[in-house]
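The structure appears right after this line, and notes come after that.
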Amino acid sequence: MSWFSKLTERQIAKARVEGKLDHLQGEGKPLPDRPGDVYISPGDAMGFRIMAEAGVLPEEITLKKQAAAQRVHLASLTDEGQRKAAMAELARLEMRQAIAEESRRKFLKY
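Residues in the sequence shown are numbered from 106 upward in steps of one, following this note's numbering.
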């Protein structure tokens, strides 16, 4: 556990002992559902919002959709030669998606 986590836990324990965490709004109720993009960083969310307002999909999202469609296509094939070609195309799409994600992360890092 990092020093920051330890400090945070100590502060929470102290507030609990002092009663500062009693009778808070929503106490005893389940946490609200979070949207699926809760794990997206604020910088990424801002970039995605700007692109959405412009009507543009990020390349990685387009590639993700293409890879999903390719997986469905691959599952429907029975011929071994066609399956190999479809697997190669799926690998190419997944590699391009990974490259697009990495380049976006590097761009937003600076």
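Backbone N, C-alpha and C fix where the C-beta goes; we use that ideal spot for every residue, glycine too. The model shown is predicted, which means the values in this text are computed figures rather than measured ones.
Non-local beta-carbon contacts of residue 179 in its own chain, meaning distances under 7 Å to residues more than five positions away in sequence, involve 188, 191, 192, 195 in chain order. Residue 165 is positioned such that its CB atom lies no closer than 8 Å to that of residue 114. The distance from the Cβ of residue 157 to that of residue 198 is about 22 Å, inconsistent with a contact at the 8 Å cut-off.
Secondary structure note for residue 122: its alpha helix (DSSP H) is the uninterrupted segment 108-123. If you keep only unbroken alpha helix (DSSP H) runs of at least 4 residues inside the segment 136-207, you get 147-158, 164-181. Your pair residue 126 and residue 120 checks out as a contact, with CB atoms roughly 5 Å apart and the cut at 8 Å.
Rounded to whole angstroms, the gap between the alpha carbons of residue 132 and residue 138 is 16 Å.
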